[in-house]
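**Q** Protein sequences appear in the order of chains R and F. Under the working numbering, the first sequence has 356 at position 95, and the numbering climbs by one with no breaks. Under the working numbering, the second sequence has 347 at position 86, and the numbering climbs by one with no breaks. C-beta atoms are modelled at their ideal positions from N, C-alpha and C, and glycine is treated no differently.
There are 2 protein chains.
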Amino acid sequence: MWRTILLYGVSFAILIFLLKLIEYRFLVRDLSLEFYLGLVALLFTAVGVWTGKKITSKKFVTPPATTAPRKHNEGQVAKIGISKREYEVLLLMAKGLSNQEIADQLHVSLNTIKTHTSNLFLKLEVKRRTQAIQKAKDLELFG
Amino acid sequence: MWRTILLYGVSFAILIFLLKLIEYRFLVRDLSLEFYLGLVALLFTAVGVWTGKKITSKKFVTPPATTAPRKHNEGQVAKIGISKREYEVLLLMAKGLSNQEIADQLHVSLNTIKTHTSNLFLKLEVKRRTQAIQKAKDLELFG
DNA sequence: TGGCCGCCCATACTTAAGGGTGATTTAATG
DNA sequence: CATTAAATCACCCTTAAGTATGGGCGGCCA
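(1) Between F/LEU304 and R/PHE278, what straight-line distance do the alpha-carbon atoms span, to the nearest angstrom?
(2) Taking only three categories from DSSP, how would you classify F/VAL387?
(3) Starting from F/THR391, find everything on chain R with Cβ-Cβ shorter than 9 Å and list it in chain order.
(4) If R/GLY357 and F/GLN361 are in contact, beta carbons under 8 Å, what's the gap, nearest whole angstrom?
(5) Using 8 Å as the threshold, is the C-beta distance between R/LEU381 and R/GLU349 below it?
(6) Give the secondary structure of F/LEU400 by DSSP, where H, G and I count as helix, E and B as strand, and everything else as coil.
(7) Looking at C-alpha atoms only, which residue of R/THR373, R/ILE374, R/LYS398 is the closest neighbour of R/LEU385?
(8) Report yes if the CB atom of R/ARG390 is closer than 8 Å to the CB atom of R/THR376, and no otherwise.
(9) Quick check on R/LYS396: buried or exposed, where buried means 16 or more other Cβ atoms within 10 Å of its Cβ?
(10) In chain order, what residues of the same chain lie with their CB nearer than 7 Å to the CB of R/LEU353, ignoring the 5 residues before and after it?
(11) Check each candidate in R/LEU383, R/LEU280, R/VAL301 and name the one with the smallest Cα separation from R/ILE343.
(12) Using three-state DSSP, classify F/LEU279 as helix, strand or coil.
(13) Starting from the N-terminal side, write out each stretch of the alpha helix (DSSP H) that is 4 residues or longer and does not extend beyond the stretch 360–385 of chain R.
(14) Between F/VAL387 and the rest of its own chain, which residues show a CB-CB distance below 6 Å, the 5 nearest in sequence each way excluded?
(15) Which stretch, first to last residue, makes up the alpha helix (DSSP H) that contains F/LYS356?
(16) Just to confirm my understanding: we take F/SER370, look at its own chain, exclude 5 residues before and 5 after, and list those with CB closer than 8 Å. What are they?
(17) When we look at the beta-carbon of R/LEU282 and count the other beta-carbons within 10 Å, is it buried (16 or more) or exposed?
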């Protein structure tokens, strides 16, 4: 968390630095102020979009919903003791997503996903994600 | 779609206009260029965040939508250019074995398996073994 | 209300996986 | 015979995955 904040801070600092750099290099060449401003605006818009994507889409706006194609696996899932969240992770894992991608999709941290996967491996009695996928298929945990 | 793009274009135009407005109002007051730039940067960062939010909240990670052509294994395997050995590795990989375990089972070294898997990933156009398994299933490379 | 559980997050560490490059051997093939 | 492809293996380096541990928070329940 703190690391993330720090990272953003540093990133912005670097950006400001680059800004000044560009400023000197371009201004001495008599480039128009308008052009320079446009550049800055564009650059920071891009940065804004990026950070916006990273930050604002967190926590809320989570309507994955679905919950359609299931019925008989619920019992199996419950029997093994896999929680709802863990099941979500399992599904995404089976789709070939990396932990990081799963974390992004569920709007949680990488560490959280690692915890979930670890617990999953314990409950499925496997050691690797590929085995987990196989085991889940064998147990017909997927619709 | 086009309407959205147009909308954003117009919005940005307006913003640029406001920019110029602010520019004149502040520059005549002898405000420092740095301050002005900072303001612009901040403003457009905010705009970026906003647009980012709008974009990400709507878009929702399109499903693979690949739906590649599908026949059956032998032909498919040859078509993609997967060699016999690579196919063996792929099968074992799909069973959830680690590279080391595959190496042991085929009586070759770990590095060899790594080479095979790398080539497989290239040919299957994936980045991870879990994806490779998924892709192989989609393409019905398995009996 | 105290305890359990699910969920989230973090730090620190170890191991597995993957990328890039280069090299050798063998078998097939024009 | 020279070329080509498959298969084998090695070294280095980066990133992802997995393990261990601990803390915080909110809901549920006996």
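**A** For this structure:
(1) Distance between the alpha carbons of F/LEU304 and R/PHE278: 18 Å.
(2) Here F/VAL387 sits in coil by DSSP.
(3) MET354, ALA355, LYS356, GLY357, LEU358, SER359, ARG390, THR391, ILE394
(4) Wrong, their Cβ atoms sit about 21 Å apart, outside the cutoff.
(5) no
(6) coil
(7) Of the candidates R/THR373, R/ILE374, R/LYS398, the one whose C-alpha sits nearest the C-alpha of R/LEU385 is R/LYS398.
(8) No.
(9) buried
(10) Taking C-beta separations shorter than 7 Å and ignoring five residues to either side along the sequence, the partners of R/LEU353 in its chain run ILE363, GLN366, following chain order.
(11) Minimum Cα distance to R/ILE343 is reached at R/LEU383.
(12) Here F/LEU279 sits in helix by DSSP.
(13) 360–367, 371–385
(14) ALA393, LYS396
(15) Counting along the chain, no alpha helix (DSSP H) covers F/LYS356, and no H or E run does either.
(16) ALA364
(17) exposed
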